[in-house]
Amino acid sequence: MMEASLRRIAAPLLFRDGFAAAARDSRTAAAAAATAAATTAAAAAAARSRRFRSSFFLEPTTQQHAAAAAARTAAAGAAPAGTFPFAAFGVHSSSSSSSSSSSKQSRRWYSRAGGMRHPRSRTASTDPDVLNRKAVWALERRSCRRSLMQLLLQHSSKAAAFAAVANCLAQCVHLLCLPGPYTLFLPLDSGFPLALSAAALCKVAARLQLVGAADAAAAVALRCFPFPAFPLQLQHEQLQQLLREQQQLTPAAAAAAAEAAKEKLALFIKAHMIEGKFTLKRLLTHPSQALPASETAAAGAAAAAAPSAAAAAAAASMHALLNGAGTGCFSLGYSLGGDKIIIKRQINAAAAAAVLRTSSNNMPPPPPELLQELQQQQQQQQQQQQQQELGRGLFRVAVGSSNLLLGDLKAANGIVHIIDRPLVPSALAAN
Numbered sequence: 001m002m003e004a005s006l007r008r009i010a011a012p013l014l015f016r017d018g019f020a021a022a023a024r025d026s027r028t029a030a031a032a033a034a035t036a037a038a039t040t041a042a043a044a045a046a047a048r049s050r051r052f053r054s055s056f057f058l059e060p061t062t063q064q065h066a067a068a069a070a071a072r073t074a075a076a077g078a079a080p081a082g083t084f085p086f087a088a089f090g091v092h093s094s095s096s097s098s099s100s101s102s103s104k105q106s107r108r109w110y111s112r113a114g115g116m117r118h119p120r121s122r123t124a125s126t127d128p129d130v131l132n133r134k135a136v137w138a139l140e141r142r143s144c145r146r147s148l149m150q151l152l153l154q155h156s157s158k159a160a161a162f163a164a165v166a167n168c169l170a171q172c173v174h175l176l177c178l179p180g181p182y183t184l185f186l187p188l189d190s191g192f193p194l195a196l197s198a199a200a201l202c203k204v205a206a207r208l209q210l211v212g213a214a215d216a217a218a219a220v221a222l223r224c225f226p227f228p229a230f231p232l233q234l235q236h237e238q239l240q241q242l243l244r245e246q247q248q249l250t251p252a253a254a255a256a257a258a259e260a261a262k263e264k265l266a267l268f269i270k271a272h273m274i275e276g277k278f279t280l281k282r283l284l285t286h287p288s289q290a291l292p293a294s295e296t297a298a299a300g301a302a303a304a305a306a307p308s309a310a311a312a313a314a315a316a317s318m319h320a321l322l323n324g325a326g327t328g329c330f331s332l333g334y335s336l337g338g339d340k341i342i343i344k345r346q347i348n349a350a351a352a353a354a355v356l357r358t359s360s361n362n363m364p365p366p367p368p369e370l371l372q373e374l375q376q377q378q379q380q381q382q383q384q385q386q387q388q389e390l391g392r393g394l395f396r397v398a399v400g401s402s403n404l405l406l407g408d409l410k411a412a413n414g415i416v417h418i419i420d421r422p423l424v425p426s427a428l429a430a431n
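For the sequence shown, position 393 matches number 393 in UniProt numbering, and the numbering has no gaps at all.
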């Protein structure tokens, strides 16, 4: 009985020891098999490397040369007529890593004006030259998202009177924001006293005051602009008399007078606008037309004094060199105010003489007597007056009775040219 009990107690212990020994033997066998497999793989890799070195570095034998020649002959015979025996160009493409690296290498990595080209990897430039270039391009050259009204307000420091009149009239604001395209001739403030008399300026100021009294929005718009064109007319006795007469009107009469004043002021604005986009290049290259003398008289009123004989000869030489371009008169059409706009072009004699004096091999030199006379005239002429004449450019363009000073200010719905004085419509000339 004692022996049976001991056997029953020792049986599980013996089974556990036997299982541990079997597991230990299996692990030993697996490690030995892994070692043998690694040894076999290393031997195979060494054999392959030896075969590669022997085939790559050793000279091919005569039998190998013959086998390669036979393979090439068989490939050429198997290819159809007119085909190249080798693979087409571009069949074997490079990997993605190599293509991405090559594209990065070919991409320009230096740029002062980065930011919008690669916004993920670059920030906007803070270079002052770059910012200045972008600002000039956005404000003067690019035309997206900028109407004629916005462009007019941007130049209100030089054309405050015209901007104030246009900004206080709802119909003019609407007209300047239409798709168009329109061409606007913007007069400067300094030209108002030259084109309008003191009485006419007083009437314009009185009409503006009447419109501001009848419309609160117009009054707010008028207060946004100073009136440098009317420094004396605002304290003129005639203006004060007109304002006193307007204050004595009944409400109905004041409203009617305000509407009439709005129509007249809107007609003044419309006289400077014409349908179509006429750039400076179109104005200079437009063919001349035979117009009546009565129509060209107003356009010739703004022309400069007659030049000397030498300057006139230089202008004639430049006219022949340009084949007649940049000279003559033509009709641009009727403005929105109903008046015909006449364009007169002529060559600046002083600039033409300067061009002929500094001519290169691309331009035929002037005759010796003309060159000597031009040099004498240059010595006699005042330096300031000469620089002023040269600063006006080679061409002079007269728009009606005014001179074109600056052109090609582009907007989304048209273009703006700056002139030196306003254009007075014929319907308001008597008033």
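Cβ atoms here follow ideal geometry from the backbone N, Cα and C, with glycine treated the same way. Computed from a predicted model, the values in this text were never measured in an experiment.
Around the beta carbon of V220, fewer than 16 other beta carbons sit within 10 angstroms, so the residue counts as exposed. Judged by DSSP in its simplified three-state form, T250 adopts coil rather than helix or strand. Less than 8 Å separates the beta-carbon of A161 from that of F192. With respect to V173, A166 sits close: the two C-beta atoms are nearer than 8 Å.
Counting along the chain, N403 sits inside the beta strand (DSSP E) bounded by residues S402 to A411.
Taking 8 Å as the cut-off, the Cβ atoms of R421 and Q346 do not count as close. One thing to note: T250 has its Cβ no nearer than 8 Å to the Cβ of I415. Straight through space, the alpha carbons of N403 and G212 are spaced by roughly 32 Å. Taken through DSSP and simplified to helix, strand or coil, A161 comes out as helix. Residue burial is scored here from C-beta neighbours: A206 has at least 16 other C-beta atoms within 10 angstroms and is therefore classed as buried. Linking D25 to A34 through their CA atoms gives a straight-line distance of about 15 Å. The alpha-carbon separation between L423 and E259 amounts to approximately 22 Å. Classified as buried, N413 has 16 or more neighbouring CB atoms from the shown chains inside 10 Å of its CB.
Bridge pairing for R345: G328 and V397 [DSSP]. Shortest Cα-Cα distance from M273 to any of L188, G338, A214 and E263 involves G338. A255 is the residue among A255, V204 and E245 whose C-alpha sits nearest the C-alpha of D215. In the same chain as L176, and ignoring 5 residues on each side of it, the C-beta atoms closer than 7 Å to its own belong to S147, L148, M149, L152 and A166, in chain order. Boundaries of the alpha helix (DSSP H) harbouring H174: A170 to L176, taken from the DSSP string.
Exclusion of the five residues before and after I343 leaves L283, H286, A299, C329, F330, S331, L332, V397, A398 and V399 as the residues of its chain whose Cβ lies within less than 8 Å of its Cβ. R72 has its alpha-carbon roughly 55 Å from the corresponding atom of R27. Counting along the chain, the unbroken beta strand (DSSP E) around G414 starts and ends at G414 to I419.
Classified as exposed, D129 has fewer than 16 neighbouring CB atoms from the shown chains inside 10 Å of its CB. Between G180 and L280, the gap from beta carbon to beta carbon reaches 8 Å or more. In the DSSP assignment, F185 falls outside any alpha helix (DSSP H) and lies within the beta strand (DSSP E) extending over Y182 to P187. Of the other Cβ atoms in all chains shown, fewer than 16 fall within 10 Å of the Cβ of S426; this residue is therefore exposed.
Per DSSP, F192 is one residue of the alpha helix (DSSP H) stretching across F192 to A195. Within the DSSP bridge table, the entry for I274 names T183 as partners. For R145, there is no enclosing alpha helix (DSSP H), as DSSP marks it with neither H nor E.
Per DSSP, reduced to three states, the secondary structure at G338 is coil, with no helix or strand assignment. For V204, the enclosing alpha helix (DSSP H) starts and ends at A198 to A214.
A distance below 8 Å separates the beta carbons of L428 and F268. With respect to the C-alpha of G276, the residue from K410, L201 and A32 having the closest C-alpha is K410.
If you draw a straight line from the Cα of E245 to the Cα of P187, it comes to about 30 Å.
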